[in-house]
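Each residue of the sequence shown is one higher than the one before, starting from 77 at the first, in this note's numbering. The beta-carbon is built from N, C-alpha and C at its ideal position, and this holds for glycine as well.
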Amino acid sequence: MFLISKMSDLNWLPGDIVIKRKNFVFIFPITTMVILSVILTIVLNIIGRFFK
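As structure tokens, then:
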């Protein structure tokens, strides 16, 4: 939660859902999660091939 509150001031990627109300901020980073998933998949596949 602390990390998300610090990141709420950053610009989000297109496709990320950010709703800011008076006392409420809802963040659902769909695009960010997809990009992180692709990057982690590639990195873990590369690491897995070295230790095979």
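Identified DSSP bridge partners for K128: Paired residues: none, contrary to the question.
7 Å Cβ shell around F216 - same chain, five flanking residues per side excluded: Nothing in the structure corresponds to residue 216, since the chain is present only between 77 and 128.
Residues near N99 by beta carbon distance below 8 Å, same chain, minus five either side: none
First through last residue of the beta strand (DSSP E) which encompasses K96: 93 to 96
Terminal residues of the beta strand (DSSP E) in which F102 lies: 101 to 104
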